[in-house]
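**Q** Its first residue numbered 1492, the sequence shown is counted upward by one per residue in this note's numbering.
Every residue gets a Cβ at the ideal spot worked out from N, C-alpha and C, and that includes glycine.
Note that the structure is predicted; figures quoted are calculated from it, not measured.
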Amino acid sequence: MPDPDLLILFRLLANRPRILELLLQRYGSAGAVIDNVTEVELQTLSLERIDFDRCRTVYAAKVDRDIKWLQQPHHHLITLTDGNYPALLREIHDPPVLLFARGNLQALTSPGIAMVGSRNPTRSGMNTARMLAADLANSGFVVISGMALGIDAAGHRGALNADAATIAVFGTGCDLIYPSRHRRLADEIVERGLLLSEFPLGTRSQAWHFPRRNRVVSGLSLGTIVVEAALPSGSLISANYAMEQGREVFAVPGSINIRQSRGCHQLIRDGATLVENANDILSQFSFMTCKTINRPEPTLTELQSSLLEHLDAQSRSTDEISMALDLPVEKVVSTLIELEILKLVCQEKGGYLRSVSTG
1492 MPDPDLLILF
1502 RLLANRPRIL
1512 ELLLQRYGSA
1522 GAVIDNVTEV
1532 ELQTLSLERI
1542 DFDRCRTVYA
1552 AKVDRDIKWL
1562 QQPHHHLITL
1572 TDGNYPALLR
1582 EIHDPPVLLF
1592 ARGNLQALTS
1602 PGIAMVGSRN
1612 PTRSGMNTAR
1622 MLAADLANSG
1632 FVVISGMALG
1642 IDAAGHRGAL
1652 NADAATIAVF
1662 GTGCDLIYPS
1672 RHRRLADEIV
1682 ERGLLLSEFP
1692 LGTRSQAWHF
1702 PRRNRVVSGL
1712 SLGTIVVEAA
1722 LPSGSLISAN
1732 YAMEQGREVF
1742 AVPGSINIRQ
1752 SRGCHQLIRD
1762 GATLVENAND
1772 ILSQFSFMTC
1782 KTINRPEPTL
1792 TELQSSLLEH
1802 LDAQSRSTDE
1812 ISMALDLPVE
1822 KVVSTLIELE
1832 ILKLVCQEKG
1842 GYLRSVSTG
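Structural data, given as structure tokens:
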């Protein structure tokens, strides 16, 4: 049975985790804080005694709902002092005091790697995120992201495709799915992994929640991978948090002709590790026993090889390729489809380009 006073105090100070942690350490329990915190101390913290005097009444109904939610199967409350609390997250400057979770807590026991990126990625970026996530999941990592549109969702999907756990950190309450179109994805994550939030149940999406969410994503992880990010972007906020937290930062390069590559290129200039495949990431964690990814090279026909050599990171139309190689358009199209099945090329902006290597 969760402590109702802790849930009440959490709701009162949900946006001030450092103060909540300080008061709990000083007084020993939430009830003691509510009953005994002094007027002078509250003034130094820019808090009002009246809020503490009436908080049990103000939050009673919401806390009753919190307790009912927590009594459902696979619903969890993790406190900063619990054995289940992630050790890496406890190390950051302002760790969440409470985490609501839905799913399998075992997901927190595996080494985490964060994957973030554009909400409006290219198809190549989506393919890269899925493949990298699958390879990392197969190597023993749990992929952690924010379940946003674009790269976040692709990272979760890649891990799920590898039949592995993944963790989604919410910028809303753990009981609300945002964006709503990811309800099915959230259900799949719960089956193998975990939905996680430091926000009170029922908390709706607000813009300032997402930087806070991002510090948890990076804080749970040994490193953060950025796959496509514009300048500026929330993905770069995640990368900055990772740097501040002393964690590794990885960036996937892209075409110089698309804005989604500029954030990654800036990170690489600033010292992030350039990533072309999962092994570039695994090599940075030599202290762990990681399974190296070895993708067998497919045997290509002469025509497939010739066409692939003509492609790069810039999208080219079938007509352009046909003219450059002096081949019938229908032959180019059929060969491109064969290469797409082999995941060596992908479609983008009405044309084709070479996929980022993940072997």
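Distance check for Asp1643 and Leu1596, CA to CA, integer angstroms please.
**A** One C-alpha to the other measures close to 21 Å.
**Q** In the DSSP assignment, find the alpha helix (DSSP H) that holds Gly1762 and state where it starts and stops.
**A** Looking at the DSSP string, Gly1762 is not in any alpha helix (DSSP H), and its letter there is neither H nor E.
**Q** Which residues mark the beginning and the end of the beta strand (DSSP E) in which Glu1739 is found?
**A** Glu1739 to Val1743
**Q** Applying the 10 Å Cβ sphere with the 16-neighbour rule, what's the burial state of Gln1516?
**A** With fewer than 16 other Cβ atoms inside 10 Å of its own Cβ, Gln1516 counts as exposed.
**Q** Nearest to Val1740 by alpha carbon, out of Arg1683, Ser1696 and Ile1759?
**A** Ile1759
**Q** Based on DSSP bridge pairs, tell me the residues matched to Leu1844.
**A** Cys1837
**Q** Give me the residue from Val1718, Phe1701, Gly1603 and Pro1508 with the minimum Cα distance to Ser1615.
**A** Val1718
**Q** Between the C-alpha atoms of Thr1849 and Gly1631, what's the straight-line distance to the nearest angstrom?
**A** Low local confidence applies: a pLDDT of 39 at Thr1849 is under 50, so the model's placement there is unreliable, with the coordinate-based value given in what follows. Roughly 17 Å between the two C-alpha positions.
**Q** According to the neighbour-count rule (16 or more other Cβ atoms, all chains shown, within 10 Å of its Cβ), is Met1617 buried or exposed?
**A** buried
**Q** Could you pull the start and end residues of the alpha helix (DSSP H) that Met1734 belongs to?
**A** Gly1725 to Glu1735
**Q** Taking all protein chains shown into account, do 16 or more other C-beta atoms lie within 10 angstroms of the C-beta of Ala1624, making it buried, or fewer, making it exposed?
**A** buried
**Q** For my contact list, Arg1738 and Leu1799 are in at a C-beta cut-off of 8 Å; report their separation, rounded to the angstrom.
**A** Arg1738 to Leu1799, Cβ: 36 Å. No contact.
**Q** Please name the residue in Ser1797, Glu1831, Lys1834 and Asp1803 whose C-alpha comes closest to that of Asp1817.
**A** Ser1797
**Q** Please report the distance separating the alpha-carbon of Ile1635 from that of Ser1601.
**A** 11 Å
**Q** Tell me the rounded alpha-carbon separation between Gly1603 and Ser1712.
**A** 4 Å
**Q** Suppose the cutoff is 8 Å on Cβ atoms and the five residues either side in sequence are ignored; what does the same chain contact list for Val1836 look like?
**A** Leu1799, Leu1802, Leu1827, Leu1830, Tyr1843, Leu1844, Arg1845 and Ser1846
**Q** Can you give me the Cβ contacts of Val1766 inside the same chain, cut-off strictly under 7 Å, excluding the 5 residues immediately before and after it?
**A** Ile1716, Phe1741, Ala1742, Val1743 and Ile1772, listed in sequence order.
**Q** Flag this pair as yes or no: are the beta carbons of Pro1495 and Val1554 separated by less than 7 Å?
**A** With respect to Val1554, Pro1495 sits close: the two C-beta atoms are nearer than 7 Å.
**Q** For Phe1591, list the residues DSSP reports as bridge partners.
**A** In the DSSP assignment, Phe1591 is bridged to Leu1568 and Ser1688.
**Q** Identify which residue in Val1824, Glu1512 and Ala1720 has its Cα closest to the Cα of Ile1749.
**A** Ala1720
**Q** With Thr1619 as the anchor, note down where its beta strand (DSSP E) starts and where it stops.
**A** Segment Arg1614 to Asn1629 is the alpha helix (DSSP H) holding Thr1619; no beta strand (DSSP E) there.
**Q** Taking the beta strand (DSSP E) that Ala1659 belongs to, which residues open and close that run?
**A** Thr1657 to Val1660
**Q** For Pro1577, would you say it is in contact with chain D, using Cβ-to-Cβ distances shorter than 7 Å as the test?
**A** As a matter of chain content, chain D is missing from the structure shown, which is built from one protein chain.
**Q** From which residue to which residue does the alpha helix (DSSP H) around Gly1608 run?
**A** Segment Gly1603 to Gly1608 is the beta strand (DSSP E) holding Gly1608; no alpha helix (DSSP H) there.
**Q** Using DSSP bridges, identify the partner residues of Thr1715.
**A** Ala1605 and Val1740
**Q** Distance check for Glu1539 and Glu1530, CA to CA, integer angstroms please.
**A** 8 Å
**Q** By DSSP's criteria, Ile1635 is part of a beta bridge. Which residues make up the other side?
**A** Under DSSP, Ile1635 forms a beta bridge with Ala1605 and Ile1658.
**Q** Any idea what DSSP makes of Arg1807, helix, strand or coil?
**A** strand
**Q** Are the CB atoms of Gly1664 and Ser1688 within a distance shorter than 7 Å?
**A** yes
**Q** In chain order, what residues of the same chain have a beta carbon less than 7 Å from the beta carbon of Pro1670, not counting five sequence neighbours either side?
**A** Leu1640
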